[in-house]
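Residue numbers (this note's numbering): 169 to 568. Cβ coordinates follow ideal geometry from the N, Cα and C atoms, glycine included. All figures in this text were calculated on a predicted structure; none of them were measured in a lab.
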Amino acid sequence: MLPQVVSGLIHPSNISTPIRYFCKKAKFLQANVESIDLDQQLVTIQRSFDNKVHTLEYDYLVLSLGGKSNYFKNVNLKNHSFSMKSIEDAIAVKNHIILMLEHAAQTGNYELQKTLLTFVVVGGGFAGVETISEINHFVRQSISKFYKSINPKNVNVILISSKDRILPEINEELANTALRFLEKEGITVLKNSRATDAGEEFVLLNNGEKISCATLVWTGGITMKKVVSELKCEHGDNGRVKVDETLKIVNRDNVFALGDCALIPDISTNGIYPSTAQHAIREGKIIAENLKILFDSKNQLKKFSFNSMGIMAIIGNRMGIATISGHDISGIMAWSIWRFYYLSKIPTFGKKIKVFVDWSIDFLLPRDVTLIGTIKKKQIHGIHITDKIPSIKEQLSMKF
């Protein structure tokens with residue numbers, strides 16, 4: 169749902185729920201995980217507000233650290249693009265787009281305006297397609313409603329896919345339906361293309377083409393964070409940790425892993441399970457059940473097995489695509505199914521209502537072009553915080 173934050177369709181706070189809401193009977197520590205010692209059963213954390221480092225002991229450990237954007241070791245691509253991994257990323261992209269519109273509205277330089285109004289997204293998967301479609305809708309609607317001095321013909325919205333098609337996760341016929349719709353909406357799709365370099369006002373492709381742009385969004389895959397890649401355990405594709413059917417890390421009886429950081433075997437296909445939110449939700453439930461089995465001193469752990477209900481995406485205003493139980497769906501029906509499904513997965517009733525209201529307002533009013541401002545991290549130096557944090561073992565003996 170991050171692309172809908174970028175386009176102003178959804179308020180960012182309406183799709184984010186505090187972790188403390190789910191941890192009312194547990195000890196929650198907001199900190200960065202610096203390292204994990206699987207042999208000594210220790211986790212080293214660094215608090216974000218004062219940078220103090222602490223070490224926690226554990227009896228059982230669950231890894232759900234996710235991944236980070238994969239720039240293929242290209243520093244320029246990393247430094248001159250926006251990622252789409254968090255609420256903060258989505259807000260930053262929206263703010264930047266609004267700034268580009270403001271600058272474009274004030275310049276009389278045609279070439280500069282073309283650069284300011286060129287928006288490029290790298291990645292032809294679901295994240296890239298949903299992001300480019302929301303950016304396209306937001307930019308074109310905002311210009312028609314609020315930026316009358318901008319010539320809409322100067323807008324250039326580009327999607328770059330490294331493959332010979334978009335949406336490789338679905339069958340080619342449905343992907344072509346999505347492609348035709350994107351092109352009809354004014355989006356240029358460059359297939360068999362890779363971004364090899366970037367600067368403040370350009371992105372360079374593998375065929376030598378140089379695109380002048382001031383906005384580059386990167387959705388070109390993920391890689392593992394350093395804390396995961398440095399774990400002393402077996403690693404597989406893209407640095408993910410190998411787990412068995414019970415989601416335990418191979419040769420580690422008290423450590424589980426799920427989500428993007430786990431390489432989970434699919435015995436039925438001799439392959440691996442995809443890293444999707446749909447799978448991660450089920451993985452979390454299996455790990456919770458297996459932890460309870462271990463706490464109760466039972467031996468037979470549950471094995472992870474999951475058949476995907478389908479895959480779907482919103483690719484434009486009242487336009488979606490979906491494959492559900494082997495059936496391909498497109499148009500307003502797929503769009504409606506997407507909304508119903510994701511609304512059902514929002515954790516709290518209050519948040520469900522807020523998102524539903526956001527979606528309903530969109531039928532009546534244009535998207536909000538308010539510039540929220542720059543997000544800055546700030547350290548807190550004037551507050552005394554006790555350095556002593558009890559270990560996990562000590563915490564388990566406490567009464568909450």
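Item	Value
Cβ-Cβ distance between I213 and I540 below 8 Å	no
8 Å Cβ shell around K331 - same chain, five flanking residues per side excluded	G292, K359, N360
Cβ neighbour criterion (16 or more within 10 Å) applied to A343	buried
Those runs of the alpha helix (DSSP H) which lie wholly inside the segment 462-486 and span at least 4 residues	none
Proximity below 8 Å, CB of I183 to CB of I440	no
Whole-Å CB distance - S176 paired with C429, under 8 Å assumed	What sits at residue 176 in the sequence shown is Gly, not Ser. That belief does not hold up - the Cβ atoms of G176 and C429 are roughly 32 Å apart, past 8 Å.
Rounded separation between K193 and D218 - CA only	26 Å
Counterpart residues of D434 in DSSP-defined beta bridges	G439
L415, buried or exposed, once every other Cβ within 10 Å from all chains shown has been counted against 16	buried
Within 8 Å, strictly: CB atoms of K394 and H403	no
Neighbour-count burial assignment, F424, 16 or more Cβ in a 10 Å radius	buried
Per-residue burial, Q172 [other beta carbons within 10 Å of its own, 16 or more giving buried]	buried
CB contact below 8 Å: K352 versus chain D	Among the chains of the structure shown, chain D does not appear; only one protein chain is present.
CB contact flag (V297, A481, <8 Å)	yes
Rounded C-alpha distance that separates S237 from G427	15 Å
Whole-Å CB distance - F294 paired with L384, under 8 Å assumed	With 8 Å as the limit, F294 and L384 do not qualify as a contact, their Cβ atoms being about 19 Å apart.
Span separating the alpha-carbon of M477 from that of I492	6 Å
Beta-carbon proximity check, L197 vs V396, cutoff 8 Å	no
Coil, strand or helix - H305 by DSSP	helix
Outcome for H305 when other beta-carbon atoms lying within 10 angstroms are tallied against a minimum of 16	buried
F472, buried or exposed, once every other Cβ within 10 Å from all chains shown has been counted against 16	buried
Test item: CB-CB of V357 and I334 under 8 Å	yes
Beta-carbon proximity list for N406, same chain, < 7 Å, skipping 5 on both sides	T391, M392
Length-filtered (4 minimum) alpha helix (DSSP H) runs lying within the segment 189-271	243-247
T223 to A448 span [Cα, whole Å]	27 Å
8 Å contact criterion, which M252 and T299 should meet: CB distance rounded	6 Å
Nonlocal neighbours in the same chain, by C-beta distance under 7 Å from I543, ignoring five residues either side	For I543, the pLDDT reaches just 48, beneath the cut-off of 50, and the residue's location in the model is therefore unreliable, leaving the point undetermined.
Close beta carbons around I483, own chain, < 8 Å, minus the five adjacent residues each side	V297, E298, S301, A346, F349, L350, I489
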